[in-house]
Structures are given as C-alpha cells and as structure tokens.
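The sequence shown begins at 30 in my numbering and counts up by one. Beta carbons are placed, not taken as given, at the ideal position from N, Cα and C, and that holds for glycine. The model shown is predicted, which means the values in this text are computed figures rather than measured ones. Before any comments, here is the structure.
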Amino acid sequence: DKLSGIKVDNSSSGLPIEFVREIEQQKISLDGLKATLRSYQDFGVRYIVRQQNVLLGDEMGLGKTVQAIAAMVSLKASGETHFMVVCPASVLVNWSREIVQFSDFNVITIRGGDLSAVRSWIEEGGVAVTTYGSISRFALPEGFRYGMLVADEAHYIKNPLAMRTQALLILKRKAENCLFMTGTPLENRVEEMCFLI
Numbered sequence: 030d031k032l033s034g035i036k037v038d039n040s041s042s043g044l045p046i047e048f049v050r051e052i053e054q055q056k057i058s059l060d061g062l063k064a065t066l067r068s069y070q071d072f073g074v075r076y077i078v079r080q081q082n083v084l085l086g087d088e089m090g091l092g093k094t095v096q097a098i099a100a101m102v103s104l105k106a107s108g109e110t111h112f113m114v115v116c117p118a119s120v121l122v123n124w125s126r127e128i129v130q131f132s133d134f135n136v137i138t139i140r141g142g143d144l145s146a147v148r149s150w151i152e153e154g155g156v157a158v159t160t161y162g163s164i165s166r167f168a169l170p171e172g173f174r175y176g177m178l179v180a181d182e183a184h185y186i187k188n189p190l191a192m193r194t195q196a197l198l199i200l201k202r203k204a205e206n207c208l209f210m211t212g213t214p215l216e217n218r219v220e221e222m223c224f225l226i
C-alpha cells in the first residue's frame with residue numbers, strides 16, 4: 030500500500046480497490062444456472078468472465094466446478110455456443126453429471142479418439158467433456174474456435190515438455206477464454222505455478 034501508492038481492498042482479496050470495483054461491475058447473466066452462488070463465487074465468475082484467462086487455485090470444496098459452469102452459462106448468454114472441459118479420467122463422470130445438474134447445457138463425452146463425439150460437439154454445441162489422456166488423440170478443424178476451455182486439476186499440465194501439456198496448449202489456442210482450475214497451484218516448485226500462469 031504505502032510503497033506502491035495503490036489502494037488495496039482490505040477485505041480478504043488484497044486486490045487494488047479500482048480493480049475490485051471493475052470486477053464487481055462486470056455484467057454476467059446466470060439465466061440457465063440451476064444453482065445459487067455464494068458471494069465469493071459470484072465475484073469469481075465475474076473475474077473469470079472479465080479476465081478471460083484465469084488460474085483459479087482454490088482449496089477443494091469451495092465450488093470451483095460451479096463457478097466454471099456459471100462462467101460458461103454467462104458466456105452462452107453473450108453468444109458463445111461451444112465449451113470444453115478437460116479433466117482427469119477419475120472425475121469425467123462427475124463433471125458430466127454436475128454440468129447437467131447445474132445448467133441446461135448439452136454434454137458430449139469424448140473418450141479416446143472418438144471422432145464421432147468430436148463431430149457431434151462441433152455440430153450441436155454444448156460442453157465437450159474429455160480427459161487429459163484423450164486430448165492428444167483428436168484434433169479440431171483448422172478455423173474452429175470455441176467459447177471456453179476449462180482445464181480441471183491443471184497441475185496435470187505443469188510440465189511444459191509433457192505431451193498432454195502440448196496437446197492442451199493446442200486446444201487453448203482455439204478458445205476465446207480459458208480457465209485453469211486446481212486445488213494445488215503450488216506443489217513442488219514456483220516455476221510450475223509460473224508456467225500455469
């Protein structure tokens with residue numbers, strides 16, 4: 030505060046006051062969201078929509094998944110039609126179930142190199158849910174763009190040289206917005222978190 034001359038929000042965020050106000054004023058539409066957000070989740074969704082590329086590093090149980098779904102709902106209200114969630118295989122079914130439970134989105138599961146599922150998603154829109162193990166086994170068309178990429182357990186891609194990291198970065202280049210989510214943003218080395226950021 031005193032050294033930088035920037036007035037900081039004295040609540041729990043520690044963000045500059047002007048920035049907090051900008052986030053709070055960010056317009057979002059939650060029509061179609063079948064959940065009630067807590068105030069910090071509402072702020073998180075506004076932050077995600079405004080910033081477009083975000084690393085959300087919250088502890089487990091604080092509602093990162095519902096924030097991601099709410100951000101997709103808001104982006105859908107502004108005209109986006111296609112979204113993708115990449116997650117570990119162990120939570121693929123949970124993601125599909127929660128998207129259906131908390132929104133009106135069509136969910137298409139892409140396992141392995143299932144090109145018919147990829148084609149269905151491209152034709153129909155909605156949310157494609159796939160795994161880190163699958164993303165290197167399919168490719169999206171050259172000029173295809175989509176509304177948001179959500180990478181759950183983003184610490185899976187902390188190694189920039191890993192194949193799954195490279196495959197995810199290809200998908201990220203086609204997304205207008207990107208949300209990396211992890212309960213453990215910092216595990217072993219600061220460089221890993223810096224790479225995610």
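Quiz prompt | Cβ pair V158, L208 closer than 8 Å | solution = No, the pair does not count as a contact, with Cβ atoms beyond the cut-off.
Practice problem: Examine the Cβ distances between the segment 73-87 and the segment 130-142 and report whether three or more of them are shorter than 8 Å. | Solution: Because the criterion of three Cβ pairs below 8 Å is not met, the segment 73-87 and the segment 130-142 do not touch.
Quiz item: Which class does A157 belong to by DSSP, given the choice of helix, strand or coil?
Solution: Three-state DSSP puts A157 in a strand.
Practice problem: Please name the residue or residues paired with I137 in a DSSP beta bridge. | Solution: In the DSSP output, where bridge partners are listed per residue, I137 has A157.
Practice problem: Return helix, strand or coil for A97, following the three-state DSSP convention. | Solution: Looking at A97 - three-state DSSP - the assignment turns out to be helix.
Practice problem: Measure the beta-carbon distance from E153 to M177 and round it to whole angstroms, keeping in mind my assumption that it falls under 8 Å. | Solution: With 8 Å as the limit, E153 and M177 do not qualify as a contact, their Cβ atoms being about 17 Å apart.
Practice problem: Give a yes or no on whether the C-beta atoms belonging to A99 and L144 are separated by under 8 Å. | Solution: Going by C-beta atoms, A99 is not nearer than 8 Å to L144.
Practice problem: State whether the segment 135-142 contacts the segment 59-78, with contact taken as three or more CB pairs (one from each stretch) at a distance under 8 Å. | Solution: Contact annotation: the segment 135-142 does not touch the segment 59-78, with fewer than three C-beta pairs closer than 8 Å.
Exercise. Apply the 10 Å Cβ neighbour rule to K31 and answer buried if 16 or more other Cβ atoms are within range, or exposed otherwise.
Key: Since pLDDT at K31 reaches only 46, below the 50 mark, its modelled position is unreliable, and the value read off the structure follows with that caveat. Classification of K31: exposed, given that the 10 Å Cβ count is below 16.
Quiz item: Which same chain residues, not among the five before or five after N135, have their C-beta less than 8 Å away from its C-beta?
Solution: The answer, listed in chain order, is E153, G154, G155 and V156.
Quiz item: Three-state secondary structure (DSSP) at A180?
Solution: Per DSSP, reduced to three states, the secondary structure at A180 is strand.
Self-check item: For F48, the first and last residue of its enclosing alpha helix (DSSP H)
Solution: Its alpha helix (DSSP H) spans residues I46 to Q54.
Quiz prompt | Cutoff 8 Å; reference S58; Cβ partners in own chain excluding five residues on either side | solution = Answer for S58: V102, S103, A106 and S107, listed in chain order.
Quiz item: Is the Cβ-Cβ distance between W124 and D181 less than 8 Å?
Solution: In contact: W124 and D181 (Cβ atoms closer than 8 Å).
Quiz item: Expressed to the nearest angstrom, what Euclidean distance is found between the alpha-carbon atoms of S33 and L44?
Solution: Residue confidence is low: S33 scores 47 on pLDDT, short of 50, so the model does not pin down where it sits. Its coordinate-derived value is still stated next. Distance between the alpha carbons of S33 and L44 is about 13 Å.
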